[in-house]
Amino acid sequence: MQVTKLGRRQGLVPIGSFFEALARDMRDANAIEAKRQATLDQEDHDLEMLYRRQSAARAA
Numbered sequence: 380m381q382v383t384k385l386g387r388r389q390g391l392v393p394i395g396s397f398f399e400a401l402a403r404d405m406r407d408a409n410a411i412e413a414k415r416q417a418t419l420d421q422e423d424h425d426l427e428m429l430y431r432r433q434s435a436a437r438a439a
């Protein structure tokens, strides 16, 4: 997540704007993390299937 400036000239931020920006950034971060996790899960699945196939070939 990246810090962005929300303040006005006097340095105050309306609380609604702050929480709106925070929620938006959290949704974006969660979407990125979900994609990353899905990629890792698929890699895990592929490696497990490869291991099982090689184990079956050695046993035969």
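Letter 37 of the sequence shown, counting from 1, is numbered 416 in the numbering used here, and no numbers are missing. Quick reminder that beta carbons are idealized off the backbone N, C-alpha and C, glycines included. Bear in mind the structure is a predicted one, so any value in this text is a computation, not a measurement.
Straight-line gap, residue i to residue j (C-alpha atoms, nearest Å)
i: S434; j: F397; result: 55 angstroms
i: R413; j: P393; result: For the record, residue 413 in the displayed sequence is Ala; it is not Arg. For A413 and P393, the distance between alpha carbons rounds to 30 angstroms.
i: D423; j: R415; result: 12 angstroms
i: A408; j: D425; result: 26 angstroms
i: A459; j: D420; result: Missing from the structure shown is residue 459; the chain here goes from 380 to 439 and no further.
i: T418; j: L391; result: 41 angstroms
i: A410; j: G395; result: 23 angstroms
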